[in-house]
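Structure record follows, encoded as structure tokens.
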Amino acid sequence: MNKLSRRDFCKSSAAGISGIIASSVAPSLYAAGANERIRVACVGYSDRFRQSLLPSFMHHNKELNFDLVAVADLWRKRLYEKARPEIEAKIGHKVDTYVSDVELYEKAKDVDAVIISTADFQHAQHAAHAVWAGKDSYCEKPLAEDMYSANMLLDAVNAKRKAGFAPGAVLQVGSQRRSGKKYMAAKDYLNSGEFGDVSYVHLTWNVNQPRRWRRPEELVKSLKESDIDWNLWLLDRDPSKYPFDPRKYLEFRLFWPFSSGIPGQWMCHQIDTVAWFMGMAYPKSAVSSGGLYQWIDGRKSFDTFTTIFEYGVSGEKGKGFQVMFQSHQHNCAGGSHTNYESPVEKYFGPNGCVDMGTGLVTNEGVEGKKFSSRALPAPKETVVTSANTGGDPLTSAHMRNWMECVRARKDPNAPIEAGYSHTVALVMSNAAARTGCKATFDEEKREVIAGGKVFRGYTQRI
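Residues 24 to 485 (my numbering) are what the sequence shown spells out, left to right.
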């Protein structure tokens, strides 16, 4: 692999991506044969990685001959005092450490693939770094919080596809429902035509966790600017507009433009399922409302959020439908019948309801019919809503699918298009809420428009 400069990784223009990729193409680092070990690095030692992605990886790594050999994290304290000793204790051998993904790709000689679990706004650009460096990647959701980053990664992956995935660019987006048997069964059922037309989808994801996304005050105070490369953390965000702030680094989900909060954390899972089930990649329009009504602690991300999407064409039977997503963080009521924190995902039509929370097809809402229900033809699976998932079944299945596809050199269950689709919906919902205008997506220009203007939502470096 030709070394890529720090400037290449931090550049704020996607122009020239093809040339960067072309310069990075070299013989694959591994043959991907059954007996060849695949060497993986962690990029971003987050709670999500530690509590779910790592356990999921370790459910399958010995069987599929994968090994975790390195970890990269910008915060040296976390890298050396937590990441390295904790990974080594679990994996059973020494791992290499790097203070950024840039250093990882410049210096590591034995890394074939990466698991990316950095801040929300960084996912797509960090995945693009991996593509340019010739690495496969499992990239946490949301894929991106802005169209610039999503477009950058889509272009990078498509260029590698033309090169036959050699080396790198087998990318799995962390939308783990796509590896769930219950969700696969529901998709097949809805696509079979047996249920009839879907006209409305209702999505709810409520929690009551006062310190969700907060970190202990002593931990926040312990982070010093000298401990990290703040400009590298910002990527394309303008450092003159976003000065160093340890809360933004450690509690990024509370602060736009580093995270949209509710849409990026929860809505993107459910709206991804809608696009997948219904075969419509992007909403036609979005109107939204959000605000801070309970957690007034300096955060900028909403604690209450509602958005309404229109898909397809209204006025033509079977050609369009509406989706409403709602969430609040100060009361978990509104979940399933048995578990308040279970997300609601209901697909309605004239013939009843497909309820993903219960895994049932019912005649709910059909006038004059005695209530009846039947199970979707798939094993019951649990969607874990807590951050401490310990490698839940869906994430474990999703991780395995990625590992198998790395060997097979093919797209996994949630390829770049899946992440791009939920990014469009996420950016549309955020744009509508923050401008007060209806948002649409210009597919040709690959831009979200709200109030007649392109929505970026942050100040770029150049």
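Even glycine gets a Cβ: it sits at the ideal position worked out from N, Cα and C.
- Leu258 carries a coil assignment under DSSP once its states are collapsed to helix, strand and coil.
- Here Tyr443 has Leu166, Ala173, Leu177 as same chain residues with Cβ atoms under 7 Å from its own Cβ, once five neighbours each way along the sequence are excluded.
- Closest in alpha carbon position to Ile331, among Lys307, Ile319, Ser324, is Lys307.
- Counting only runs of 3+ residues, the beta strand (DSSP E) found wholly inside the stretch 320-377 occupies 327-335, 343-351, 367-372, in chain order.
- Residue pairing for Ser311: DSSP places it in a beta bridge opposite Thr330.
- Counting C-beta pairs closer than 8 Å gives fewer than three between the stretch 189-201 and the stretch 320-327, which falls short of the contact rule.
- Thr482 counts as exposed, since fewer than 16 other C-beta atoms from the protein chains shown sit within 10 angstroms of its C-beta.
- The residue from Glu86, Leu449, Phe371, His83 with its alpha-carbon nearest to that of Gln288 is Leu449.
- Under DSSP, Ser160 forms a beta bridge with Val137, Leu194.
- Distance from Met303 to Gly335 at the Cβ level is roughly 6 Å; contact confirmed, criterion being Cβ atoms closer than 8 Å.
- Short of 8 Å from the beta carbon of Pro262, and not among the five residues preceding or following it, lie these beta carbons of its own chain, in chain order: Trp253, Asn254, Arg484.
- For the set Asn214, Ser350, Pro239, the Cα lying nearest the Cα of Gln293 is the one of Ser350.
- In the DSSP annotation of this structure, the continuous segment of the alpha helix (DSSP H) that includes Phe80 starts and ends at 77-87.
- When DSSP states are grouped into helix, strand and coil, Ser245 belongs to the helix group.
- Between His83 and Arg479, the C-beta gap is not smaller than 7 Å, which leaves the two residues out of contact.
- Judged by pairs of C-beta atoms under 8 Å, the stretch 116-129 touches the stretch 85-98, as three or more such pairs exist.
- Nearest to Arg235 by C-alpha distance, out of Ser324, Asp169, Asp211, Asn214, is Ser324.
- In this structure, Cys376 is the residue among Glu248, Val429, Val477, Cys376 with its C-alpha nearest to the C-alpha of Glu217.
- Shown here, Ser69 sits in coil according to DSSP, grouped into three states, outside any helix or strand.
- Between Asp220 and Gly380, the C-beta gap is not smaller than 7 Å, which leaves the two residues out of contact.
- Short of 6 Å from the beta carbon of Ala401, and not among the five residues preceding or following it, lie these beta carbons of its own chain, in chain order: Lys204, Lys205, Ala208.
- Separation of the CB atoms of Ala437 and Arg201 is rounded to 5 Å, and the pair is thereby assigned contact status at 8 Å.
- Around the Cβ of Glu241, a 10 Å sphere holds fewer than 16 other Cβ atoms; the residue is exposed.
- For Ile472, the enclosing beta strand (DSSP E) starts and ends at 470-473.
- About 5 Å separates the Cβ atoms of Val429 and Asp159, confirming a contact at the 8 Å cut-off.
- DSSP places Arg457 within a helical segment (H, G or I) once states are collapsed to three.
- Per DSSP, reduced to three states, the secondary structure at Thr482 is coil, with no helix or strand assignment.
- According to the DSSP assignment, His292 belongs to the alpha helix (DSSP H) that extends over 291-301.
- Between the alpha carbons of Gly284 and Ala142 lies a distance of about 11 Å.
- Rounded to the nearest whole angstrom, the CA to CA distance from Lys264 to Thr463 is 27 Å.
- Annotation for Thr329: Ser312, Gln349 place their beta carbon closer than 6 Å to its own, counting only its chain and skipping 5 residues before and after.
- Burial state of Val477 is exposed, judged by a 10 Å Cβ sphere holding fewer than 16 other Cβ atoms.
- Val154 sits in a helix when the DSSP states are folded into three classes.
- Taking all protein chains in view, the Cβ of Phe394 is surrounded by fewer than 16 other Cβ atoms within 10 Å, so the residue is classified as exposed.
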